[in-house]
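Inspection log for the structure reproduced underneath, given as structure tokens.
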Amino acid sequence: MFDRYCRVDNNAMLLEGLGSLYQKFRSAPGEFGIEASKVKALVLLTVSLITNN
Numbered sequence: 000m001f002d003r004y005c006r007v008d009n010n011a012m013l014l015e016g017l018g019s020l021y022q023k024f025r026s027a028p029g030e031f032g033i034e035a036s037k038v039k040a041l042v043l044l045t046v047s048l049i050t051n052n
């Protein structure tokens, strides 16, 4: 049971980190050399993998 709560907490931290990373890419997409759409796709893929597990 403890493991399940730890996993949820870790997933929340990961999602928060991905959200802030995505906001940085959106604010200055040219600086990183990666298109914001690719970052968004990566974030959505990660979120879907987390929520399915």
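With numbering that gives the first Met the number 0, the residue at position 7 of the sequence shown is 6, and numbering never jumps. Every residue, glycine too, gets a C-beta built ideally from N, C-alpha and C.
My guess is that residue i and residue j are in contact by the Cβ rule of under 8 Å, so how many angstroms apart are they, rounded?
i: Phe-24; j: Val-38; result: 5 Å
Excluding the five sequence neighbours on either side, which residues of its own chain have a C-beta within less than 6 Å of the C-beta of residue i, listed in chain order?
i: Ile-49; result: Asn-10
i: Leu-44; result: none
Just to confirm, are residue i and residue j a CB contact at a threshold of 8 Å?
i: Val-42; j: Leu-17; result: yes
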